[in-house]
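Peer 1:
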Amino acid sequence: MKTNYNRWLVYIVAIIAATGGLLFGFDTGVISGAIPYFQPYFGIDDSMVETITTAGLVGAILGALTCGRITDRFGRRKIILIAAIVFGLGAMWSGLATSTVQLIGARLFLGIAIGVSSFVVPLYIAEISPTKIRGRLVSMFQLMVTIGILVSYMSDLYFADNSVADCWRPMFLVGVIPAVILFIGMWFLPETPGWLYTRGREAEARRVLEKIEPPQMIEQRIAMIAAEIENGKKQAGWREIFRPWLRNVLIICIGIMFFQQFVGINTIMYYCPKIFMMAGFTDAVSAIWASVGVGLVNVIFTLVSIYFVDRWGRRKLYFLGMGGISLSLLALGACFLLNARLGGFGSGVSILLIFLYIAFFAISIGPLGWLIITEVFPLRVRGIGSSLGSLSVWIFNSIVAFTFFKIVRLFTLPGSEITVQGETIGNPAGAFFFYGLIALCGIIWGYFYVPETKNVPLEKIEAHWRAGGSPRTL
Ligand code: BGC
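The sequence shown runs 18 to 491 under this note's numbering.
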């Protein structure tokens, strides 16, 4: 049979998926290697660092809150093009900032692009991919986020130079490159057939479908889009997801994202060179080296998770991961507490524990959180449901990033303080115990609320909720 659909289009969509995820990850990770340099450069304390980091997250919350409406109105493609411009300008502004106020503004601005793209890019991919490879392209986006974090650590390492006071500038400026690639790629790509169809542009929708699907699939997809729109008309919107029969689903969605963030993952992602310096590394360059290790472990174990998630199922991975996360956090707390007595040996063990912690996160609640929120909602509210999930992530993420150093100070036992770059900061032992205890609570919570969705058709999941079934018995 003749297949006249364009392979190149599929490859370009894959590259866009990759670049969109890469930018999201890059801008998550880049700040960590820049902090040890811009902090002394501007002479600011840890709470100012927290404010700058959190500004990006507040931007992401704003982006995630507003993007649903604007992408429906203006189309996915236009919004991604605008996001690429904001990414580029934001990276430039961050790199050229001459004051901390400017840096806060630049991160806030860039954050909006992160929030918007974390929602629109996966949506664009899902709507434009040929049916056969949709799942693969969507999960590639997730993997690319971790690769983006790794790339940002490597580029931080490349520019880190203890003898150049403003070497943090090029670290931010590199972010312009993926933004330009995203913009150029997107320029040549069409709008999604689904969006065109909702705007009454059926002929154009067909033309796009002819490029991405083999001919025998086209009518089927048009019918699917029409049915989806018909379904959408009956949607009750936000109120629908607060119905009693969906209460457990809401608890699952918000709860899993709560634990994903409150085990403290992003304290490592944002502040890891700093944490490595607390663990005993004496200079920023070697601490950034260790962060590259963290980024690499994160990517490798995300791959491991993708391999096992449909073989072992969600619950097994969840308990294995959360068990490992709590043990490594509690042990890490103990190491920092005995820091003075353990000396160099203690530093070695704490670094090993940080790697273990990342590995356990990456095989479990990292990818599982994102996966489960797309599975548990009935089709009619899946869009709203998963945007609620990503909004929760950004909110919890900001709280953790904004409070980390405050918690460190609050839980520091007198006499156990650590000095880094001439500044005496608290001891993170108490903070790690705190996150470890939250992880233990997460295990108990998970026993009741983490559903086993492996091999369960999505329609069956809906029937289970309607019948009043509990998450545990799915
Ligand atoms: C989380 C992010 C985190 C990343 C680390 C994701 O699942 O949502 O907040 O930075 O994992 O790989």
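No residue lacks a Cβ here, since even glycine has one placed at the ideal position from N, Cα and C.
Quick check on this structure: which residue in G85, D178, L167 has the alpha carbon closest to the alpha carbon of I285?
Peer 2: The residue given as residue 285 occupies position 268 in the sequence shown. Measuring from the Cα of I285, the nearest candidate turns out to be L167.
Peer 1: In this structure, does DSSP put T436 in helix, strand or coil?
Peer 2: If you number the sequence shown from 1, residue 436 lands on position 419. T436: strand per DSSP, three-state reduction.
Peer 1: Considering only residues of the same chain and omitting the five flanking positions on each side of D178, which have a CB-CB separation below 6 Å?
Peer 2: Counting from one through the sequence shown, the residue named residue 178 turns up at place 161. The residues are C184.
Peer 1: Can you give the beta carbon distance from A418 to T71, rounded, assuming they're within the 8 Å contact cut?
Peer 2: Counting from one through the sequence shown, the residue named residue 418 turns up at place 401. Counting from one through the sequence shown, the residue named residue 71 turns up at place 54. 5 Å between Cβ atoms; contact.
Peer 1: Using CA coordinates, which residue listed in Q56, V302, V410, L113 is at the minimum distance from S180?
Peer 2: Here the question's residue 180 lines up with position 163 in the sequence shown. It is V302 whose Cα lies nearest to the Cα of S180.
Peer 1: Let me know if T163 comes out buried or exposed under the rule of 16 or more other beta-carbons within 10 Å of its beta-carbon.
Peer 2: Taking the sequence shown and counting its residues from 1, one reaches residue 163 at position 146. Classification for T163: buried.
Peer 1: Do you know how far the Cα of M161 is from the Cα of R90?
Peer 2: As a working mapping, residue 90 is identified with position 73 in the sequence shown. As a working mapping, residue 161 is identified with position 144 in the sequence shown. Near 28 Å, if we compare the C-alpha coordinates of M161 and R90.
Peer 1: Exposed or buried, E434, counting other C-beta atoms within 10 Å across all chains shown (16 or more means buried)?
Peer 2: Your numbering for residue 434 matches position 417 in the sequence shown. Per the 10 Å Cβ criterion, exposed.
Peer 1: Assess contact between the region 35-49 and the region 210-218, defined as three or more Cβ pairs (one per stretch) separated by less than 8 Å. Is contact present?
Peer 2: No, the region 35-49 does not touch the region 210-218.
Peer 1: Less than 7 Å between the CB of I131 and some heavy atom of the ligand BGC, yes or no?
Peer 2: Indexing the sequence shown from 1 puts residue 131 at position 114. No, the beta carbon of I131 sits no closer than 7 Å to any heavy atom of the ligand BGC.
Peer 1: Can you give me the start and stop residues for the alpha helix (DSSP H) that K477 sits inside?
Peer 2: Position 460 of the sequence shown, counted from the first residue, corresponds to residue 477. That run of the alpha helix (DSSP H) goes 475-483.
Peer 1: Mind reading off the beta-carbon distance from A130 to A100? Whole number of angstroms is fine, and I expect it under 8 Å.
Peer 2: In the sequence shown, counting from the first residue as 1, residue 130 sits at position 113. In the sequence shown, counting from the first residue as 1, residue 100 sits at position 83. Yes, they are in contact, since the Cβ atoms of A130 and A100 sit about 5 Å apart, within 8 Å.
Peer 1: Tell me whether Q278 is buried or exposed, calling it buried when 16 or more other Cβ atoms sit within 10 Å of its Cβ.
Peer 2: The residue labelled residue 278 in the question sits at position 261 within the sequence shown. The residue is buried, with at least 16 neighbouring Cβ atoms inside 10 Å.
Peer 1: Answer with buried or exposed for R256, where buried requires no fewer than 16 other C-beta atoms within 10 angstroms of its C-beta.
Peer 2: Looking up residue 256 in the sequence shown gives position 239. Result: exposed.
Peer 1: Look up T441 in the DSSP assignment and give the residues it is bridged to.
Peer 2: The residue you call residue 441 lines up with position 424 of the sequence shown. Answer by DSSP bridge pairing, in chain order: T436.
Peer 1: Taking the straight line between their C-alpha atoms, what separation do you get for G443 and T436?
Peer 2: Indexing the sequence shown from 1 puts residue 443 at position 426. Indexing the sequence shown from 1 puts residue 436 at position 419. The alpha-carbon atoms of G443 and T436 are separated by roughly 8 Å.
Peer 1: Kindly indicate the opening and closing residues of the alpha helix (DSSP H) around W329.
Peer 2: For the purposes of this step, residue 329 is identified with residue 312 of the sequence shown, where counting begins at 1. Per DSSP, W329 belongs to the alpha helix (DSSP H) from 301-329.
Peer 1: Where do the N-terminal and C-terminal ends of the alpha helix (DSSP H) with D89 fall, by residue?
Peer 2: Along the sequence shown, read from residue 1 onward, the residue named residue 89 stands at position 72. Unbroken alpha helix (DSSP H) run through D89: 63-91.
Peer 1: Can the beta-carbon of L98 be found less than 8 Å from the beta-carbon of W204?
Peer 2: Here the question's residue 98 lines up with position 81 in the sequence shown. Here the question's residue 204 lines up with position 187 in the sequence shown. Closer than 8 Å, so yes.
Peer 1: Excluding sequence positions up to five away, which residues of its chain have a Cβ less than 7 Å from the Cβ of L359?
Peer 2: Stepping through the sequence shown from its first residue, residue 359 is reached at position 342. Closer than 7 Å at the Cβ level, and outside the excluded window around L359, lie C352.
Peer 1: With burial defined as no fewer than 16 other Cβ atoms inside 10 Å of the residue's Cβ, what is the status of M18: buried or exposed?
Peer 2: Mapped onto the sequence shown, residue 18 falls at position 1. The pLDDT assigned to M18 is 40, lower than 50, so where the model puts this residue is not dependable; a value taken from the coordinates is nonetheless given after this. So M18 counts as exposed.
Peer 1: Tell me whether T20 is buried or exposed, calling it buried when 16 or more other Cβ atoms sit within 10 Å of its Cβ.
Peer 2: Translated into the one-based positions of the sequence shown, residue 20 becomes position 3. Below a pLDDT of 50, predicted positions are generally treated as unreliable, and T20, at 49, falls in that range; the measurement from the model is reported next regardless. So T20 ends up on the exposed side.
Peer 1: May I ask whether a heavy atom of the ligand BGC can be found less than 7 Å away from the beta carbon of T284?
Peer 2: Residue mapping note: residue 284 aligns to position 267 of the sequence shown, counting from 1. Answer for T284: no, Cβ out of range of the ligand BGC.
Peer 1: Answer yes if the region 399-412 comes into contact with the region 259-279, meaning at least three C-beta pairs across the two stretches below 8 Å, and no otherwise.
Peer 2: Contact between the region 259-279 and the region 399-412 is present, because at least three Cβ pairs lie under 8 Å.
Peer 1: Go to P290, then tell me how far its alpha helix (DSSP H) extends in each direction, as first and last residue.
Peer 2: In the sequence shown, residue 290 corresponds to position 273, counting from 1. It spans 282-295 - the alpha helix (DSSP H) in which P290 sits, taken as one unbroken run.
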